[in-house]
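I have placed the structure first, in the form of structure tokens, so that the comments after it can refer back to it.
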Amino acid sequence: MAQPRFRAPRGTRDILPPESTRRRELVSRFADMADRAGYGQLESPVFEDVGVFQRLGPDTDVVAKEMFELHDRGDPPQHLALRPELTASACRAYVEHRPTPPWKIWYEGPQFRYERPQAGRYRQFSQVGAEVIGAEDPAADVEAITLAVRFFEALGLRGVRLLVNSLGDPADRSAYLAALGDHLRSHSGELSPQARATAERNPLRVLDSKRPEDRAAVASAPVMIDHLSPAAAEHFEAVRAGLDDLGVAYEICPRLVRGLDYYVRTAFEFAASGLDVAQDAVGGGGRYDGLVEDLGGPPAGGIGFALGVDRILLACDAEGAFGPSTSAVEVFVVDVAGGAAATKLCDQLRRAGLGADRAFGGRSMKAQMKLADRSGAALALIVGPDELAAGEVTVRDLHGSGRQYRVRLGDAAEAAWAELAGTAPGR
RNA sequence: GUGGCCGUAGCUCAGUCGGUUAGAGCGCCGGGUUGUGGUCCCGGAGGUCGGGGGUUCGAGUCCCCUCGGUCACCCCA
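Going left to right, the first sequence walks through residues 1 to 427 as my numbering numbers them.
In structure tokens form, the structure reads like this:
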């Protein structure tokens, strides 16, 4: 087995139980919180016309070199791409269906980016996220950000920092970009060759360069929040005030820029200090007024965020938070009388709403008891020749006392329920 | 995409200056007197040493290529 014929493709992986259960619970927690805040789930296709994503900005790496593109069998073939993110899909859906704004949706699912894999960075990765489309109110920004913050809190994560910035409006941006460009040009001697190249293409990106050589030039660079228009500044003020009112802690990070070019005004990111790696961003988001219009829709502002499921779980591991859950198997049927009774009993128990499992293959009693123990079940129901002859089943407590007694076969489910509820006779 | 490190049983790893039938712990399976788990004891299965090529009398141990992982950059979730 050292060289199986097939393996999961590079940057992808199988998620097996119990980890898959944990992920499902994480998503389900998020779903509950979003549902209860008035968001409904959007399920959109995993692939879209490539044009949907090209609106994210031709200079972003995500669309320029990280997309999984494909052509279908049509004539002419349609140029499609696996979704590298979900905000664009949400906006496309908004334009297509014209729901009454504000449209509050959440989503969850896999996304794809052709990158060099690393811990916490996969070619297929999973995010949960939420969007409010058709709302310019800064209160929407506050609500969205707070939803994410409360979610992290609910998971028991303590080391997640919220970084916020304002990227201004498009008009502010061009003035700022000119100033930034000038600065970078006058300091080009101090910049790394890579940063110099980036400065030509997309000067904003130089701001989050992690190369030590670039640090000085970046530190002295002008910052966006000094170039905000009155309207953008007022919006930013309102967002901050809203977060303050809720006691949501944040850090203003004037050099925070986001990888997708569509962001305006509010931009934010969540950094997990528990993650001692470069991939410490567990989530991020911002405002994207203009994206809906770009996709052919009406003027509509939007704000949203996406959180990386894989990285959140890494952060949970690092903090010892959100551990594995208890087993869903409550009763384990041990049958040493041929196995037919186990088949019937399991069905009977499951129909009564109990989590029930059993062994296959006619294993020894000892082996079956081991399996019962490992299953996490609180009870074993034992059927041997004696019980079978008497039409009974032995109920054994696997936790604590280890006491056991017999009940009639037909009463097994009832007895199990009573035992689990702690109301069994003799307790 | 660039550079560094790593790749031995299901998992975590040990394998001395290249030298005889490749080891451990955990896990798994079986047993510990005649139907009872979680501790303990005994036994067992399981590896073409990621793959391919080369150097050598001889390679898990050296070289090259390749695949995968990982770290930094990049990017970002």
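The beta carbon of each residue, even a glycine, is placed where N, CA and C say it ideally should be. Here the structure is a predicted model, which means the values were calculated and not measured.
Item	Value
Give, in chain order, every unbroken run of the alpha helix (DSSP H) that is at least 4 residues long and sits entirely within the stretch 346-418.	365-375 and 385-390
Figure out for me which residue from Gly286, Pro254, Tyr114 and Ile15 has the closest Cα to the Cα of Tyr263.	Gly286
Please state the DSSP three-state secondary structure of Leu56.	coil
In the DSSP assignment, find the unbroken alpha helix (DSSP H) run with Phe30 in it and report its ends.	Glu19 to Arg36
Name the residue from Phe125, Ala197 and Arg173 whose alpha carbon lies nearest to the alpha carbon of Leu184.	Ala197
Can you give the Cα-Cα distance for Pro77 and Ala328, rounded to whole angstroms?	47 angstroms
Report the CB separation of Glu330 from Gly355 in whole angstroms; it is logged as a contact under 8 angstroms.	4 angstroms
So what's Pro193 in DSSP terms, helix, strand or just coil?	helix
Just to confirm before moving on: does the CB-CB distance between Gly129 and Ala272 stay below 8 angstroms?	no
Pull up the distance between the alpha-carbon of Arg5 and that of Gln279, whole angstroms please.	32 angstroms
Determine the contact status of Phe30 and Gly156, defining contact as a CB-CB distance below 8 angstroms.	no
Are three or more beta carbon pairs between the stretch 139-152 and the stretch 115-126 nearer than 8 angstroms?	no
In terms of residues, what are the limits of the alpha helix (DSSP H) holding Leu314?	Val309 to Glu319
Considering only residues of the same chain and omitting the five flanking positions on each side of Gly11, which have a CB-CB separation below 6 angstroms?	Pro117, Tyr122 and Arg123
How about Phe112 and Pro84: do their beta carbons lie closer than 8 angstroms?	yes
Per the DSSP calculation, Asn202 is bridged to which residue(s)?	Looking at the DSSP assignment, Asn202 forms no beta bridge with any residue, so it has no partner.
Given a threshold of 16 other Cβ atoms within 10 Å of its Cβ, counted over all protein chains shown, does Gln127 qualify as buried or as exposed?	buried
Below 7 angstroms, is the gap between the Cβ of Ala171 and the nearest heavy atom of the ligand ATP?	The model on display carries no ligand, and the ligand ATP is accordingly not part of it.
Determine the burial state of Ile303: buried for a count of at least 16 other Cβ atoms within 10 Å of its Cβ, exposed for fewer.	buried
Please classify Ile145: does DSSP put it in a helix, a strand, or coil?	helix
For Pro102, which option in Ala135, Ala8, Arg92 and Glu131 has the closest C-alpha, if you only look at C-alpha atoms?	Ala135
Can you tell me where the alpha helix (DSSP H) with Ser186 in it begins and where it stops?	Pro170 to Ser186
In terms of DSSP beta bridges, what is Pro110 paired with?	Ser126
In terms of alpha-carbon separation, which member of Val63, Asp294 and Asp172 lies closest to Val95?	Asp294
Does the Cβ-Cβ distance between Ala34 and Leu167 come in under 8 angstroms?	no
Beta strand (DSSP E) containing Gly11: first to last residue?	Careful: Gly11 lies outside any beta strand (DSSP E) and carries neither H nor E.
Run the CB neighbour count on Gly400, radius 10 Å, all protein chains shown included, and call it buried at 16 or more, exposed below.	exposed
In the DSSP assignment, find the unbroken alpha helix (DSSP H) run with Glu48 in it and report its ends.	Per DSSP, Glu48 belongs to no alpha helix (DSSP H); it is in the beta strand (DSSP E), Phe47 to Asp49.
Three-state secondary structure (DSSP) at Arg215?	helix
Using alpha carbons as the reference points, say which of Asp75, Glu213, Arg240 and Arg255 lies closest to Ala221.	Arg255
In three-state terms, what does DSSP make of Thr423?	coil
Just list the residues that DSSP pairs Ser162 with in beta bridges.	The sequence shown places Leu at residue 162, not Ser. Paired residue(s): Phe270.
DSSP on Leu291, reduced to helix/strand/coil?	helix
Is the distance from the Cβ of Thr394 to the Cβ of Arg406 below 8 angstroms?	yes
Checking 8 angstroms against the spacing of the C-beta atoms, do Asp61 and Leu80 come in under that value?	no
Could you compute how far the alpha carbon of Asp386 sits from the alpha carbon of Leu16?	39 angstroms
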